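In mature numbering (1 follows the signal peptide of the UniProt record, and there is no 0), the protein residues as written are -27 to -1, 1 to 181.
So this is what it looks like as structure tokens:
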């Protein structure tokens, strides 16, 4: 398994484990549309607001509190510790950063290698972010495609209009033939095989 996918597996497990508590907090929060709009950060090619692939991981950012931790994951019988930087906005929602892994030195660098967005404050130019419905994404990006990959076990919708940006769907919303039964590494999927109301769960920006 590629290092990038080991890192992603670790961070996704960490994000998923935090979701129950996060969702409870979200349910208790109320915020006017004007307040939310004022705080929106742009998702563009390889970038989410102040976070950009390849740039130095910031020690601090205005509007965010940062904590760092090591996330352990076991993949194919091997244990990995992944340095992870968690930035929480004023709304309590988060962006998680993992650094670029230097295969030559066998060490992680101080530069951003992957961004996982679990915050509604980050949107594309067309207003799409997490919790938006699959059909809303496809309406905004008619050139989108949906696929599943065995290597990282992900259901993804993406558009060529946004370089290195993946919008992750919940596999539980997929009702078609199990793509894991296919021998093809990258299995193309049909939107009609997802439940009505299927939504974007996370947004992943990576160093390709």
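Virtual Cβ for every residue (Gly too), placed ideally from N, Cα, C. In this text the structure is predicted, and so the values were computed from the model without any measurement.
Asked                                                                                               : Found
Range covered by the beta strand (DSSP E) that runs through residue 86                              : 80 to 91
CA nearest to the CA of residue 26, picked from 35, 33, 119 and 16                                  : 16
Contact belief for residue 69 with residue 89 at Cβ below 8 Å, rounded distance in angstroms        : 4 Å
Close beta carbons around residue -13, own chain, < 7 Å, minus the five adjacent residues each side : Legend: pLDDT at residue -13 = 45, less than 50; position of this residue unreliable, no value from coordinates given.
Proximity to residue 122 [Cα-Cα], best of 38, 63, 159 and 77                                        : 159
Member of 141, 84 and 133 whose CA lies at the smallest distance from the CA of residue 105         : 141
Simplified DSSP state of residue -1, which is helix, strand or coil                                 : Residue confidence is low: residue -1 scores 41 on pLDDT, short of 50, so the model does not pin down where it sits. Its coordinate-derived value is still stated next. The answer is helix: DSSP assigns residue -1 an H, G or I state.
8 Å Cβ cutoff, residue 52 in contact with chain D                                                   : No chain D is present in this structure, which holds just one protein chain.
Reduced DSSP secondary structure (H/G/I, E/B, other) of residue 113                                 : helix
Cβ pair residue 59, residue 39 closer than 8 Å                                                      : yes
Residue 57 and residue 71 closer than 8 Å at C-beta                                                 : yes
Per-residue DSSP class, three states only, for residue 152                                          : helix
Buried or exposed (CB count within 10 angstroms, at least 16 for buried), residue 177               : buried
Residue span of the beta strand (DSSP E) that contains residue 139, given as start and end          : 138 to 142
Nearest-angstrom Cα separation, counted from residue 31 out to residue 150                          : 43 Å
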